[in-house]
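Protein chains in written order, with our numbering: chain A, 139 to 229; chain B, 887 to 1201.
All C-beta atoms in this analysis are idealised placements derived from N, C-alpha and C, irrespective of residue type, glycine included.
Model, not experiment: these values are computed from the prediction.
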């Protein structure tokens, strides 16, 4: 089950400079575990001390913020697009 | 709107306009044209509330200087509210905002301090805090953390939507400070907890996100995530396409963040999320005038224009 993950510039130091990486998992948590097995720095960047998603990072599955889906337990399906973005304000 | 005794009294009471051509089958989209406020954006409501609440708290006097971080619209709105009252204004703004925003601020006699493009709006927040902290004579309303911001929408924008669209099933708006959705969403959900609140999150090009540390990310304190039902990101290309469709098919010349909100509204009009027959209010925070120089409305290849636009802050 392949899931494409878009990596923001600021996290590419953990992915050997790759803009997008491919991972596997039935949930966002499993995907993070899979990615962290190859890119260890990603776990600390994406997860807070409590094991939940870092509040300064927005994680999207198919453009939808996972906080409003199932959080870190949001189910993933083959072909889903995951994007990670730093939180930015406007106004 | 009857006649107003000064510009602050002309804020709000904006039209809600149907989108018969762009509404998905079985749904009705209605666009609230905040670009018809006196300085051309929804931020007139916020600026009025920020200044009036500071006056009531005794924080402002003739000759006082206000400092505020902004990507433009709030600064322009504050300038208009401050001018007749004799308050001076300094805006801290990212350098990658549209030329029109800078020109308008200059026209109002506002002092502009630029923050680095690579830090986005977060950089202007950081810099404004530093400047305000170093000078006790400066008053910083701080739209990102001031409850007067969502209160403006709770007390004016929300009730206007309920008045003009009593059967409203959902509201969609862009996320900048989060003040609009927090205030409008609270008001609408108090009226009917079944009303859905959707946020359109701008997704810029990579240059805007720069090389910042993620811990420097900024979540505005006024944003109450509990009011939101969904947060959907929209990149510059999709926002641009929807903005151009709005001009071409509905005759409405709106800014790019209106296109982002419209794209989300169209996306959520499906039976899984909203019952068929739902009426959806979409908030258009401003008109297109301030984005002409970005090329957003020029003829030409959408991909090329979107690439250019993706480095400009449009929310």
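Indicate whether residue i and residue j have their beta-carbon atoms separated by less than 8 Å.
{"i": "residue 1232 of chain B", "j": "residue 1192 of chain B", "result": "The structure shown has nothing for residue 1232 of chain B, since chain B only spans 887 to 1201."}
{"i": "residue 929 of chain B", "j": "residue 960 of chain B", "result": "yes"}
{"i": "residue 214 of chain A", "j": "residue 179 of chain A", "result": "no"}
{"i": "residue 983 of chain B", "j": "residue 1029 of chain B", "result": "no"}
{"i": "residue 197 of chain A", "j": "residue 166 of chain A", "result": "yes"}
{"i": "residue 141 of chain A", "j": "residue 218 of chain A", "result": "yes"}
{"i": "residue 1127 of chain B", "j": "residue 1089 of chain B", "result": "no"}
{"i": "residue 916 of chain B", "j": "residue 1125 of chain B", "result": "no"}
{"i": "residue 968 of chain B", "j": "residue 952 of chain B", "result": "yes"}
{"i": "residue 1163 of chain B", "j": "residue 1108 of chain B", "result": "no"}
{"i": "residue 1142 of chain B", "j": "residue 1182 of chain B", "result": "yes"}
{"i": "residue 144 of chain A", "j": "residue 1105 of chain B", "result": "no"}
{"i": "residue 1038 of chain B", "j": "residue 942 of chain B", "result": "no"}
{"i": "residue 1054 of chain B", "j": "residue 1071 of chain B", "result": "no"}
{"i": "residue 1138 of chain B", "j": "residue 937 of chain B", "result": "no"}
{"i": "residue 918 of chain B", "j": "residue 1081 of chain B", "result": "no"}
{"i": "residue 228 of chain A", "j": "residue 1007 of chain B", "result": "yes"}
{"i": "residue 1001 of chain B", "j": "residue 991 of chain B", "result": "no"}
{"i": "residue 1132 of chain B", "j": "residue 1148 of chain B", "result": "yes"}
{"i": "residue 1140 of chain B", "j": "residue 1058 of chain B", "result": "no"}
{"i": "residue 922 of chain B", "j": "residue 901 of chain B", "result": "yes"}
{"i": "residue 940 of chain B", "j": "residue 994 of chain B", "result": "no"}
{"i": "residue 1079 of chain B", "j": "residue 920 of chain B", "result": "no"}
{"i": "residue 161 of chain A", "j": "residue 169 of chain A", "result": "yes"}
{"i": "residue 1027 of chain B", "j": "residue 1065 of chain B", "result": "no"}
At 9 Å on the CB atoms, spell out the chain A contacts of residue i, in chain order.
{"i": "residue 1119 of chain B", "result": "196, 198, 201, 202, 203, 221, 223"}
{"i": "residue 1116 of chain B", "result": "202, 203, 206, 207"}
Against residue i, what residues of chain A qualify as contacts under a CB-to-CB distance less than 7 Å, listed in chain order?
{"i": "residue 1089 of chain B", "result": "223"}
{"i": "residue 885 of chain B", "result": "An answer regarding residue 885 of chain B cannot be provided, because it is not within the stretch 887 to 1201 covered by chain B."}
{"i": "residue 1008 of chain B", "result": "226, 227"}
Who are the Cβ neighbours of residue i in its own chain at under 8 Å, not counting the five residues just before and after it?
{"i": "residue 1091 of chain B", "result": "1122, 1193, 1196, 1197"}
{"i": "residue 1184 of chain B", "result": "1191"}
{"i": "residue 195 of chain A", "result": "183, 184, 222, 223, 224, 225"}
{"i": "residue 1210 of chain B", "result": "The structure shown does not extend to residue 1210 of chain B, since chain B is modelled only from 887 to 1201, so the question has no answer here."}
{"i": "residue 1161 of chain B", "result": "1055"}
{"i": "residue 203 of chain A", "result": "196, 197"}
{"i": "residue 1051 of chain B", "result": "902, 916, 1165, 1167"}
{"i": "residue 212 of chain A", "result": "165, 166, 199, 204"}
{"i": "residue 189 of chain A", "result": "210"}
At 9 Å on the CB atoms, spell out the chain B contacts of residue i, in chain order.
{"i": "residue 181 of chain A", "result": "What residue 181 of chain A touches in chain B: nothing, since even the nearest Cβ is about 13 Å away."}
Which residues in chain B sit within 8 Å of residue i, going by Cβ to Cβ distance?
{"i": "residue 144 of chain A", "result": "Under the 8 Å cutoff, chain B gives no residues; its nearest Cβ is about 10 Å from residue 144 of chain A."}
Cβ-heavy atom distance between residue i and the ligand SAH below 7 Å?
{"i": "residue 175 of chain A", "result": "Summarising the ligand content, the structure contains no ligands, and the ligand SAH is consequently not present."}
Cutting at 6 Å between CB atoms, please list the residues of its own chain near residue i, excluding the five before and the five after it.
{"i": "residue 996 of chain B", "result": "965, 975, 977"}
{"i": "residue 1117 of chain B", "result": "1085, 1087"}
{"i": "residue 1110 of chain B", "result": "1068"}
{"i": "residue 1043 of chain B", "result": "1070"}
{"i": "residue 894 of chain B", "result": "934, 967"}
{"i": "residue 1073 of chain B", "result": "1040, 1044"}
{"i": "residue 955 of chain B", "result": "978, 1010, 1011, 1014"}
{"i": "residue 914 of chain B", "result": "1165"}
Residues of chain A with a CB under 8 Å from the CB of residue i: which are they?
{"i": "residue 1030 of chain B", "result": "227, 229"}
{"i": "residue 1111 of chain B", "result": "205"}
{"i": "residue 1136 of chain B", "result": "Here the premise fails: no neighbours, minimum Cβ distance about 24 Å."}
{"i": "residue 957 of chain B", "result": "228, 229"}
{"i": "residue 1199 of chain B", "result": "228"}
{"i": "residue 960 of chain B", "result": "229"}
Whose Cβ in chain D lies nearer than 7 Å to the Cβ of residue i?
{"i": "residue 1062 of chain B", "result": "The structure shown contains no chain D; the protein chains it does contain are A and B."}
Strictly below 7 Å CB to CB, what residues from chain B border residue i?
{"i": "residue 193 of chain A", "result": "1105"}
{"i": "residue 212 of chain A", "result": "None at all; the shortest Cβ gap to chain B is about 13 Å."}
Short of 7 Å in beta carbon distance, which residues of its chain neighbour residue i, apart from the five on each side in sequence? Order them along the chain.
{"i": "residue 924 of chain B", "result": "893, 896, 897, 930, 966"}
{"i": "residue 158 of chain A", "result": "142, 143, 144, 145"}
{"i": "residue 1077 of chain B", "result": "1048"}
{"i": "residue 985 of chain B", "result": "1179"}
Legend entry - Contact the segment 1184-1191 of chain B vs the segment 1153-1161 of chain B: 3+ CB pairs below 8 Å: Segments in contact, no.
Legend entry - Complete alpha helix (DSSP H) runs within the segment 142-180 of chain A (minimum length 4 residues, chain order): Fully enclosed alpha helix (DSSP H) runs of 4 or longer: 166-176.
Inset, instruction - Could you tell me whether the segment 204-214 of chain A touches the segment 899-917 of chain B, using the rule of 3 or more Cβ pairs below 8 Å? - result: With the rule of 3 Cβ pairs closer than 8 Å, the segment 204-214 of chain A does not count as touching the segment 899-917 of chain B.
Inset, instruction - Kindly provide the ranges of any beta strand (DSSP E) runs that are 3 or more residues long and lie completely inside the segment 1125-1187 of chain B, ordered along the chain. - result: Listed in chain order, they are 1165-1170.
Legend entry - Continuous alpha helix (DSSP H) assignments of at least 4 residues falling wholly in the segment 1039-1120 of chain B: For the segment 1039-1120 of chain B, whole alpha helix (DSSP H) runs of length 4 or above, ordered along the chain, are 1044-1050, 1065-1077, 1092-1095.
Inset, instruction - Note down, one range per segment and in chain order, each alpha helix (DSSP H) of at least 4 residues found wholly within the segment 906-985 of chain B. - result: Within the segment 906-985 of chain B, the complete alpha helix (DSSP H) runs of at least 4 residues are 929-942, 959-968.
Legend entry - Every unbroken alpha helix (DSSP H) inside the segment 1001-1044 of chain B [4 residues or more]: Fully enclosed alpha helix (DSSP H) runs of 4 or longer: 1006-1020, 1034-1038.
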